[in-house]
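S.K.:
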Amino acid sequence: MDKQLRQLRDFHERFGAYIEPAPTADIPAEVGAVRADLIAEELEEYRAAFRAGDLVEIADALSDLLYLVMGTYLSHGLQEIAAQLFDEVHRSNMTKLDADGKPVYRTDGKVLKSPLFSPPDLGLIIRGAIE
């Protein structure tokens, strides 16, 4: 993830995209709106590619989504803690397994939280980065 974030920083710097040096929710409204719109646009491209069964376009849409989402970490100054945030969400997601170590599914296949679920503590990571 570090290599990719360095590449994204290079892109942002060369193309004048917005970068925050430290974690913040307070970015210009237009920056947040554009990033959200671009993510939604790429998500629609993924949906179309999936419906068409076009693996190349699926890969393109997913790669563009990843590029945009990771770039949004830079926009919010989360680049230095991105891996920690991901690790904490992964840790939390793994606690969705039930007492027998089995996943619990909703009828559409979404994994549900078991009684053993432990929510991610992203605030702890963010507060540590700010202090």
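When we follow my numbering, the leftmost residue of the sequence shown carries the number 19, and every step to the right adds one.
Note that beta-carbon positions come from the ideal geometry of N, C-alpha and C, so glycine has one too.
1. Is the stretch 109-129 touching the stretch 70-78 in the sense that three or more CB pairs, one from each, lie closer than 8 Å?
2. Comparing C-alpha positions only, which one of L80, P41, F104 sits nearest to L56?
3. In chain order, what residues of the same chain lie with their CB nearer than 8 Å to the CB of R53, ignoring the 5 residues before and after it?
4. Which residue spans inside the stretch 74-119 form an unbroken alpha helix (DSSP H) run of at least 4?
5. From T125 to S132, what distance separates their C-alpha atoms?
M.R.: Checking against the coordinates, here is how it stands:
1. no
2. L80
3. L86, G89, T90, S93
4. 100-112
5. 15 Å
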